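Below is one structure, written out as structure tokens; the observations come after it.
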Amino acid sequence: MTESTFKDTLAHTQFGANADKFGGWDTAMEAAEAVETGDIQSLRDIASNHPEATPLIERIVTVSSEHR
Numbered sequence: 106m107t108e109s110t111f112k113d114t115l116a117h118t119q120f121g122a123n124a125d126k127f128g129g130w131d132t133a134m135e136a137a138e139a140v141e142t143g144d145i146q147s148l149r150d151i152a153s154n155h156p157e158a159t160p161l162i163e164r165i166v167t168v169s170s171e172h173r
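Reading the sequence shown from the start, the letters are residues 106 to 173 in the working numbering.
What follows is the structure in structure tokens.
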């Protein structure tokens, strides 16, 4: 498991605010860290376990990729 602390990024902010869709804070922060590090496999695993978070994950990945 990756670090579950908050960082000041779009992914951390949005996923933290919607932690309930991820089943809790730790998974939300794990997903945010995966976005920031480009860990696609971890994001796929999280999305498959938390389908209600998939649209949010897709939006954040899209926006993040446009601004890098």
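All residues carry an ideal CB built from backbone N, CA and C; glycine is no exception.
Predicted, not measured: the structure shown is a model, and the values here were computed from it.
Item	Value
Coil, strand or helix - Asp144 by DSSP	coil
Selection from Asp113, Lys112 and Gln119 that minimises the alpha carbon distance to Val166	Gln119
Residue environment, Ala158, which counts as buried when at least 16 other CB atoms sit within 10 Å	buried
Straight-line gap, Met106 to Arg149 (C-alpha atoms, nearest Å)	At Met106 the pLDDT is 48, less than 50, meaning the model places this residue with poor confidence and gives no usable figure here.
His172, buried or exposed, once every other Cβ within 10 Å from all chains shown has been counted against 16	exposed
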